[in-house]
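Going down the list, the protein sequences come from chains A and B. The number in the numbering used here is simply the position in the first sequence, starting from 1, with 15 added. The number in the numbering used here is simply the position in the second sequence, starting from 1, with 15 added. Notes follow the structure.
There are 2 protein chains.
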Amino acid sequence: MAKKNIYFFGGGKADGNGKMKELLGGKGANLAEMAGHPKLKLPIPPGFTITTDVCTYYWDNKRQYPKTLQAENNANIKHIEKITGKQFGGTKTPLLLSVRSGARSSMPGMMETILNVGLTEKTIPAMIAYSGDERFVYDAYRRLIMMYSDVVMEKAAGIEPKEDQGIRKQLEVIMHNLKKKRGAKADTDLTAKDLKGLCIDFKKTVKKVLGKEFPDNAMDQLWGSIGAVFASWNGKRAIAYRNIEKIPHKWGTAVNVQAMVFGNMGKGSATGVAFTRNPGNGDNHFYGEYLVNAQGEDVVAGTRTPAPINKFSKTDHSKHEKQLDKLMPKAYKELDNIQKRLEKHYSDMLDIEFTIENNVLWMLQCRVGKRNGIASVQMALDMLKEKLIKKEEAVMRVTPDQLNELLLPIVDPKAEAKSEPVAKGLPAGPGGAAGHIVFTSQEALDFKKAGKQSILVREETNPEDVEGMRASEAILTARGGMTSHAALVARGWGKCCIVGCGDLDIDMSKKTMTVHGKTLKKGDYITLNGTKGFVYEGKLNMLAAGENDKNLNAFLSICDKIKRLKVRTNGDTPADAEKAISFGAQGIGLFRIEHMFYGKTSEKPLFKLRKMIMSKSLDERKKALKELFPYMKKDIKATLKAMKGYGVTIRLIDPPLHEFVPHSDAKLKELAKALKVSNAEVAKRADGLRESNPMMGHRGVRLGITYPEITEMEARAIFESAAELQKEKVKVFPEIMIPVTCHQNEIGHQKEIIKAVYKEVKAKFGLKKIDHLVGTMIEIPRAALQAEKIAGEAEFFSFGTNDLTQMSFGFSRDDTGGFMGEYLEQGIITDDPFQTLDQDGVGELIKIAVKRGRKGRKGLKIGICGEHGGDPESVEFCHREGFDYVSCSPFRVPIARLSAAQAVLKYGK
Amino acid sequence: MAKKNIYFFGGGKADGNGKMKELLGGKGANLAEMAGHPKLKLPIPPGFTITTDVCTYYWDNKRQYPKTLQAENNANIKHIEKITGKQFGGTKTPLLLSVRSGARSSMPGMMETILNVGLTEKTIPAMIAYSGDERFVYDAYRRLIMMYSDVVMEKAAGIEPKEDQGIRKQLEVIMHNLKKKRGAKADTDLTAKDLKGLCIDFKKTVKKVLGKEFPDNAMDQLWGSIGAVFASWNGKRAIAYRNIEKIPHKWGTAVNVQAMVFGNMGKGSATGVAFTRNPGNGDNHFYGEYLVNAQGEDVVAGTRTPAPINKFSKTDHSKHEKQLDKLMPKAYKELDNIQKRLEKHYSDMLDIEFTIENNVLWMLQCRVGKRNGIASVQMALDMLKEKLIKKEEAVMRVTPDQLNELLLPIVDPKAEAKSEPVAKGLPAGPGGAAGHIVFTSQEALDFKKAGKQSILVREETNPEDVEGMRASEAILTARGGMTSHAALVARGWGKCCIVGCGDLDIDMSKKTMTVHGKTLKKGDYITLNGTKGFVYEGKLNMLAAGENDKNLNAFLSICDKIKRLKVRTNGDTPADAEKAISFGAQGIGLFRIEHMFYGKTSEKPLFKLRKMIMSKSLDERKKALKELFPYMKKDIKATLKAMKGYGVTIRLIDPPLHEFVPHSDAKLKELAKALKVSNAEVAKRADGLRESNPMMGHRGVRLGITYPEITEMEARAIFESAAELQKEKVKVFPEIMIPVTCHQNEIGHQKEIIKAVYKEVKAKFGLKKIDHLVGTMIEIPRAALQAEKIAGEAEFFSFGTNDLTQMSFGFSRDDTGGFMGEYLEQGIITDDPFQTLDQDGVGELIKIAVKRGRKGRKGLKIGICGEHGGDPESVEFCHREGFDYVSCSPFRVPIARLSAAQAVLKYGK
């Protein structure tokens, strides 16, 4: 038997079901589910889905279709005709079709849709007779010509017009001119006659511009449309979107061919988009927008401001529009009933599309709805409470990126209180952002390259803007609603976004935006509060968010019940330690001993450190170390105390000493004076510390070996702090970490010094024991390979994945600027390995080190303290590899807690 | 049964044999062999060897001996007494003993020896009666006191006197004063009475200085001596020597206790040292030196100039002394007969010690003789010809270090012809050297640290000088013969050395040396010709050596018959290619495309390269590349031609571009002019190329990806060169090597460019094929781990072990100065990994890469092109890991050929 290429749905039955997303795409599978599932059997216009396999076949076989496809297509058309009682291309009751894409994963607006397929010179009269509305038919026909000529005859044919010279633009100009001529404000002001004439002009222009007649055969139109949808899978913007979203290019799209229903068949018709709960804040209310006498594209395009479906859906902009529940109570009641059944059936918030044709409700689409982070957490908690889902499912419902939104910066309320918004719009993406105004996607990209933050300001966005939207800090549009392209995309990314800011007057030629008489130009600063929809002039102060969010804490508590990995934080001061505790950190995974000297109000300790570094003789250095000691001990003690017995991994001095040498002459002179040497001598010493490749130079344990007195002082500061606290009955657990190790003998050497100090301090304080561990960072490839021997000396491992990535790739993190962009753009590598752990290369070294380390020491404690410790994929990796903990910057701790829980659910404990 | 701690030899029998070096030490095993082997049964004074296990026991057990040792010792003494008919400590015919160290591996002069043990107040009269020579007995007694008080009572007791305040020095002063008082020139001028009085004074001084009586009991003396030998194993200078020679510290020494025979018992007695062949040049003549009426130490110490044993042993210094074959023909004949038997028995050149007591010959020692490189090769070739050894043995006879001596620099004969030597001495270590005069070991070390070459000038060297000898370029002594300490040590290291330069008058206090009225001071330059024994004032020109050495070539031909690995050379110019062929290289393993621009007489090509690098726009760069192209092509073509079809691995441009930016302002201005931009702009561009860690920056393939036009030009230069030569019927085989790869996609990207050029050039020249490969360097840890995938793209691998070592250790080669010394000194690592391949860490990455690479591509060609390619241990490693070739600098090619052959003999093909 030949492979089944087409799956039918409609008339209360369906060949497929909701689980068949891989084959039927998301839209096709959900249509089948809604049409055919015994508990649903919803009113779906009948239709069929051509599988994603056909798409793959199409691309693998020089754009040919499987041999049986035509026959299958014909049979399925017949099936639709039978259910609807209409004929495709027929002269009595013509059947019109929609042709839509539908990939496994939603790619909003990235691929093509053609509506009203089947309208021809022959079927138009029959359609007029059937609908009794000539204007409606010619409106549908001009839409078909516009879409088809653009999508099929131009794009899919590979014709690349100059900017603004595309067929669609040319047709729009003709229509614009006609409206001007007729004094028409809206499309709806054009008469049937106007539209009929317009269609003739359109077809002439198509012939002239594209050199081909507009097809006048229903079946030709259908095949043209199917081909164009398949072709659009590899369109430029679809590829760009998949690259950003990491959707595999080999998946392919399905094509959904479906009987048309018309929301634009007069006042008894409407079309709308809705969410079973509010996707912006998670409230459990049916939420949606609709337009009377319109086709679906009108809602999404944002050309008319949509009306609320109910009181919960009202906004400042739409509050004066008539609610659907008031306007068409019967249809609304049915819709509300359906959305409730659907949410229960799917156990999730759904995004649905519907059309009302002459007061009859039709469902056109349902899918799991995108939501922002705040809504996502709210819904997960609510649905858990409602027993719609279990706690495991609740944890899986929130992505790390969504959680991150709760931790997004917001505009400082104090700054906001003092400022007056210059404009208000729809709060489409939460959080705050400040940046330079840019008006095009390219400008946003240019600013990003130049390291400047931008806010993309547009009339409305379209799929061509995707890259610029990504590159900007936030998006501001003059038009469009909460379900417009800009809102949809921004919501998906958790990006700050304000849409439908109608007061905005954008002049693209002058690159200015005017609002209430005030004109701002490209490059000017603005600030957005995406949570409220407020636009401010200038740069307002930003605040970190999320720290004391109730929902966030409730949600993370659920995560903590599931996760196995401990989550620590990197922190270098007692203040960091306190913050870490508030973020739910279970210890400090990286306390960089030298960082305590940075950013102090008093420069005294930093000066002492510098003095130590610039010492030449052992005597000089010992004296300087003695002066430095009390400062170091103070911070260590306070940090240990704040962490209440949780492990505090204290890394011994690490960076090349030259980093601490002051750059200013005045500071150097001061040092010379303190050291009692000449200025020239200090300059000489500073110069002597300079290195060709400091990242691989005299640093880390190499300093401890050449200057054992430094290690000795550090150990003393740690043990005395711990001993004093122990005497005060405070629990402490310092873990002394030796950095940049490449050989077990290095640890052996340092341990001898550390253990000698330990004995001394223990005796001095009359203690039997001071709890502690001595371990090492694994950040040098050789150390990873020699982990078994190294574990013989080290009591714990902590992976320093920043350095390990540097050495494994031979990439200096500070110098990747010259090539990393090109590497990512050309697809040489898929991710910046400093952001996402390279599991192939660096990951293998880690796996080797874990395996060998535990061979060398049973139950060896293993953690990670690089930036990757807060990256979800890397956290999952650490979970799978049996780490004890991950450690990351304080603001990443919640992400890590979620990722650690999800790792358990994905890979088991 | 208790473990046997003592092995007896003598009387034609022996408990041990020559193979038992581990247990009996080299000396003990050979004494057993000579005494007991049925084919030898040589005249050996009877004695016994206390095993190295006892030494280990002694150090492991707080200097205690195994319980049974005393009893065994007593039994063995009885055995000696039985054979000799003498009694130890007896009053009739007293037995005197020598106590000598003897480790598994020879450590000349590093451990202690005590002679004449058993002389006491009680045995002296008996000894006088037995020998009939009072003077001889008191001379022996004063020697015993000097040695014993120094070695046992002071050193082994751990007493550390101030410099020149040691007991030995004090006794020497007493003797010196006595000689002065008596007007005695030599020791032999002192009478029996003088010596008797001297012994009394000596014993008084010993008591006074060391606070203990000199022991007057034979057995006490024996145990004291045994303990002192064991103690000396861990003496400072023995440890230093083992560190240099890489002798394991755990081996331990044996102790040889043997009946004394006396070379100082009058005119019928003598003692000497000889080699079965000349150790300085390999001539097949018995060669040695002796002294009449002397003890062994006199020959080695160099206090008297020894006489030649035969005409072949004559030197300028000794030619007037009486030959042994003339003076004692019977003893000589027996000795000559024995040395022949011994050489045949051992199939090697031997170093022997003998003593003639009252015209009776005794053999005291035999061991495989140290020889310099020239002698080593000569002997290997001769013995092969004589069928004494097979070709495999011949190859194993020469160490890579010895071969290196044949490649040592020599003084330019032209410069020598124009100069007059200021002094002549014995040519104890071949080759030439120039350096600053230093007079102490410490000075030599100081000069070395300061990066200056020194020549150590001493009256005579002693074991305390070892480190300074190592640090200096060459050694020059005023006293001592070819078997003196300086000669022995220098020979072992292949260091240039002249000894016995009697014209030298050294004033240590003024730090000057005067020769024939001319005074040179510390820091002045001198030049030595160690092959001739000539000393020149000033710095003479040096020449590379060995290129056309007949013996060397003959020897290497034998190596080539055995080795499996191919040996290539690194070379960057056509001249290098020609030199490579003359050195026997089988291809060029590393042709660094950018190196052709260095050191040219004309700066034109370098200027063009700089212009290319400083280009900002693609247009500018393309223009510069076009100008650069003819220069690049010319050198590539000439190199390919010179290599006659051997593989030439051409590495594409590698270093960070900033390296090529000129430093001088004038040059920068010139560039600005050529590029038609402002000086400020050029300065800005130069600055833009600067990186924090250039070694891990924008270099290698990263340049090829960001500037594909560079790769394109390089590929064109290579393929056009190859095509033109192919047209001229010249065989060529370019191997295009992509550097600094970390991901297979990098190679894929570059190959696309290269293959496009290939097709173009092929078509242009109308060729069906241009032989070539495209491969990569493996020098980044990630690349080693991902070798399977990388081999999918790369047609060969060449390990860049310099960079691989840098990244694996996180050691920047340019920045190890700050800690490497400390690392080696403290034994954190045993070798500088940039000199000797780190087989544990870097080696594992290589093993992984070889295994995975060959999995990814069957029969993948694998080589090495780092500096390690010429390091013997690394060559053996590459052989074991199945490499196809090693590549090294031209002067290391002979070493690599030898090492490759030895690898086959050690590890199989």
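Glycine included, every Cβ here is placed at the ideal spot set by N, Cα and C.
- Secondary structure remark: continuous beta strand (DSSP E) runs of at least 3 residues inside the stretch 429–457 of chain B, in chain order: 441–444, 447–453.
- Glu-401/B sits away from Thr-721/A, with the two beta carbons spaced by 9 Å or more.
- The three-state secondary structure of Gly-117/B, taken from DSSP, is strand.
- Met-398/A and Ile-404/A have their C-alpha atoms roughly 6 Å apart.
- In this structure the stretch 739–759 of chain B lies against the stretch 782–795 of chain B, because at least three pairs of beta carbons, one per stretch, are closer than 8 Å.
- Per DSSP, the continuous alpha helix (DSSP H) segment holding Lys-93/A begins and ends at 84–99.
- Going by DSSP, Trp-377/A is part of the beta strand (DSSP E) stretching over 375–383.
- Within the same chain, Cβ atoms closer than 7 Å to the Cβ of Pro-109/B are found at Lys-101, Gln-102, Gly-133, Thr-138, Ala-141, Met-142, Tyr-145, the five residues on either side in sequence being excluded.
- Taking 8 Å as the upper bound for CB-CB distance, Leu-543/A and Cys-574/A are not in contact here, some 30 Å apart.
- Beta-bridge analysis with DSSP links Met-528/B to Ile-521/B, Leu-535/B.
- Under a 10 Å Cβ-count criterion, His-531/B is classified as exposed, with fewer than 16 other Cβ atoms of the shown protein chains found around its own Cβ.
- Within the stretch 787–816 of chain B, the residues whose Cβ lies closer than 7 Å to any Cβ of chain A are, in chain order, Ile-795, Pro-796, Arg-797, Leu-800, Gln-801.
- The stretch 481–490 of chain B makes no contact with the stretch 300–319 of chain B, as fewer than three CB pairs between them are under 8 Å.
- Flagged as an interface residue toward chain B: Met-822/A, by a C-beta distance shorter than 9 Å.
- The C-beta separation of Val-550/B from Ile-513/B comes to about 6 Å, placing the pair in contact by the 8 Å criterion.
- Setting aside the 5 residues that flank it on each side, Ala-592/A is surrounded in the same chain by Gly-586, Ile-603, Thr-654, Ala-657, Met-658, each with a C-beta closer than 7 Å to its C-beta; the list follows chain order.
- By the CB criterion at 9 Å, Asn-325/A and Tyr-347/A fall inside the cutoff.
- Every alpha helix (DSSP H) stretch that sits fully inside the stretch 324–359 of chain B and reaches 4 residues is listed by chain position as 339–342.
- Excluding the 5 residues flanking it on each side, Ser-328/A has same chain C-beta neighbours closer than 7 Å at Tyr-302, Gly-303, Glu-304, in chain order.
- Taken in chain order, the unbroken stretches of alpha helix (DSSP H) that lie wholly in the stretch 52–79 of chain B and span 4 residues or more are 67–75.
- Following the DSSP letters along the chain, one finds Asn-585/B inside the beta strand (DSSP E) bounded by residues 581–585.
- Exclusion of the five residues before and after Ile-725/A leaves Leu-640, Ile-668, Leu-718, Gly-719 as the residues of its chain whose Cβ lies within less than 7 Å of its Cβ.
- For Cys-512/B, the enclosing beta strand (DSSP E) starts and ends at 511–514.
- For Tyr-72/B, the closest Cβ of chain A is not nearer than 9 Å.
- For Met-35/B, no alpha helix (DSSP H) encloses it, and the DSSP letter there is neither H nor E.
- Closest by C-alpha distance to Gly-538/B, out of Lys-211/B, Ala-918/B, Leu-193/B, Gly-553/B, is Gly-553/B.
- Using a Cβ-Cβ cut-off of 7 Å, His-758/B is close to Ile-843, Ile-844 of chain A, given in chain order.
- In this structure, Val-114/A and Ile-129/A form a Cβ contact; the two beta carbons are roughly 5 Å apart against a cut-off of 8 Å.
- Setting aside the 5 residues that flank it on each side, Asn-232/A is surrounded in the same chain by Gly-104, Thr-135, each with a C-beta closer than 8 Å to its C-beta; the list follows chain order.
- With a 10 Å radius around the Cβ and a threshold of 16 neighbouring Cβ atoms, Pro-445/B comes out buried.
- If you look at Ile-668/B, you'll find it isn't in any alpha helix (DSSP H); DSSP assigns it neither H nor E.
- When DSSP states are grouped into helix, strand and coil, Met-280/B belongs to the coil group.
- Sorting Ile-651/B, Pro-749/B, Pro-723/B by C-alpha distance to the C-alpha of Val-663/B places Pro-749/B at the top.
- Arg-666/B does not reach chain A, its nearest Cβ partner there being about 16 Å away, counting only Cβ pairs nearer than 9 Å.
- Using a CB distance cut-off of 9 Å, His-764/B counts as an interface residue toward chain A.
- Each of Ile-65/B, Asp-847/B, Lys-576/B, Phe-369/B was checked against the Cα of Ala-90/B, and the nearest Cα belongs to Ile-65/B.
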